[in-house]
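Residue numbering for the sequence shown is 6 to 137, as defined by the numbering used here.
Backbone N, C-alpha and C define an ideal beta-carbon position, used for all residues, glycine too.
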Amino acid sequence: MMKLKGKELLLIDKMKKNSYILLFILLVSCTSNTIFEKPKDLIPKDTMSLLLQEMIISTSAKFIKNKNNQKNINYMPFVYERFKIDSTRFESSNYYYMSTIDLYQEILEKAKASINAQQDVLKKAKKTIRFH
């Protein structure tokens with residue numbers, strides 16, 4: 006094994022330091038802090054939460070037969086119509102809220118809690134009906 010001299014050891018040490026600095030700069034520059042510009046027709050937080058609830062329910066209902074024994078019906082146009090919005094407005098608002106992750110998480114948690122509450126009410130009603 007060859008022994009390294011003092012200058013070579015200093016050069017290797019400097020290269021290590023430079024590589025650590027480069028790695029640090031790379032990691033810092035890769036973190037995403039992109040927040041999209043707020044759209045002019047932004048859907049309010051509460052409405053967005055309700056909208057997402059309805060979208061989840063309508064997406065789930067697509068594979069369940071309705072009262073006319075029909076399946077695979079796209080209910081999304083009805084959701085958009087109910088909230089008087091179009092898919093473009095939803096998309097721009099959704100992108101904005103997704104870029105502000107804390108706000109979006111709050112909206113999603115509120116929607117989830119509401120769906121769970123509705124589910125609990127339906128389960129209780131189903132038990133009540135079963136016992137009568």
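Between the beta-carbon of S63 and that of M81 there is about 6 Å, and that keeps the pair under the 8 Å contact cut.
Of the candidates Q75, I48, F68 and S65, the residue whose Cα lies closest to the Cα of S92 is I48. The way I'd put it, the region 66-81 doesn't touch the region 123-135; fewer than three beta-carbon pairs between them come closer than 8 Å.
The alpha helix (DSSP H) runs of length 4 or more contained entirely in the region 31-91 are, from start to end of the chain, 50-66 and 81-87.
Assigned with DSSP and collapsed to three states, T93 falls in helix. Under a 10 Å Cβ-count criterion, A118 is classified as exposed, with fewer than 16 other Cβ atoms of the shown protein chains found around its own Cβ. When rounded, the separation of the alpha-carbon atoms in Q124 and K131 is 10 Å.
The three-state secondary structure of T133, taken from DSSP, is helix. Under a 10 Å Cβ-count criterion, A116 is classified as buried, with 16 or more other Cβ atoms of the shown protein chains found around its own Cβ. The criterion of a C-beta distance shorter than 8 Å is not satisfied by M53 and Y85.
Note on Q110: under 16 other CB atoms within 10 angstroms of its CB, so exposed under the neighbour-count rule.
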